[in-house]
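In UniProt numbering, the protein residues as written are 1 to 200. Just so you know, even glycine gets a beta-carbon here, dropped at the ideal spot from N, CA and C. Just so we're clear, the structure is a prediction, and the values are computed from it rather than from any experiment.
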Amino acid sequence: MKKYAFVILILIALLLICPVKYQNTNSYNNKAYYPLDQLQNDYSLADAKVDNCVVYENGDITYGQSVWDSFTAKTQKGKPATVRLAFYYTLDAPSHYAKEYYESIKAEYPVLYIKDLRFDGNKYVIAGFEEGTLYEKEYKYMMKYKGEPRSPSALFQKYTRYVLVNDNTATWEDIEDGALSSRFGASIDNYPVYTDLTWK
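Encoded structure:
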């Protein structure tokens, strides 16, 4: 379970990498989403489901598959589209963490990150609040990866992922290796926007 917690922490870290300031827009196509800066402070997981967000709980999709399918169907045809993503994380049992570490982070959970993913016909833009500031980042491609985990100790047996990248030759294995490498420049700029895991 420690490996599971480590994966969750990596995913959260990836979600926080949005260094370009966001220029607010109300262009949400046919989706009736409130602008991100108008969401209530107590916006909840239940609210996200009511609003037809694509919801991920601890790194795996749990709601909104049809919404995601509609989004990808449009983007594959080169049509502009927007989808709202909700990333919800909880802590595992205290016994799975070092006591001091658990005590230092328990007040921060559960945590919910709301992101908007837009496609304008040419590029993808991921946008969301970080520490009170609205940011966005552009990517050229959204790649789909399907496969099995390389580690036999993984808790899942198959995965389907969509990941924003600027290099359409990068494989999921390349992205994983880059994230774990200590070599400067080895990491591949990416942003995971969809994960569907088949559990063992």
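- Contact fails between the segment 62-81 and the segment 97-107, because fewer than three Cβ pairs, one in each stretch, are under 8 Å apart.
- DSSP, reduced to helix, strand and coil, places Pro94 within a helical segment of the structure shown.
- Secondary structure at Tyr34: coil, using DSSP grouped into helix, strand and coil.
- Setting aside the 5 residues that flank it on each side, Lys106 is surrounded in the same chain by Leu91, each with a C-beta closer than 7 Å to its C-beta; the list follows chain order.
- Annotation: the segment 38-97 contains the following complete segments of the beta strand (DSSP E) (minimum length 3 residues), in chain order: 54-57, 60-63 and 81-89.
- Exclusion of the five residues before and after Pro94 leaves Tyr102 as the residues of its chain whose Cβ lies within less than 7 Å of its Cβ.
- Ala46 has its alpha-carbon roughly 37 Å from the corresponding atom of Ser181.
- Between the beta-carbon of Lys200 and that of Leu155 there is about 6 Å, and that keeps the pair under the 8 Å contact cut.
- CA-CA distance, Asp37 to Ala86, rounds to 15 Å.
- For Ile126, the three-state secondary structure derived from DSSP is strand.
- Where Gly132 is concerned, there is no enclosing beta strand (DSSP E), because DSSP gives it neither an H nor an E.
- An exposed status is given to Gly132, since fewer than 16 other beta-carbon atoms sit within 10 Å of its beta-carbon.
- Within the segment 151-179, the complete beta strand (DSSP E) runs of at least 3 residues fall at 156-165.
- One alpha carbon belongs to Arg183, the other to Asp177, and they sit about 10 Å apart.
- Annotated three-state conformation of Ile188 is coil, per DSSP.
- Counted as a single uninterrupted DSSP element, the beta strand (DSSP E) harbouring Lys115 occupies residues Val111 to Phe119.
- Counting along the chain, the unbroken beta strand (DSSP E) around Lys146 starts and ends at Tyr141 to Gly147.
- In this structure, Tyr63 keeps its C-beta atom at 8 Å or more from the C-beta atom of Lys137.
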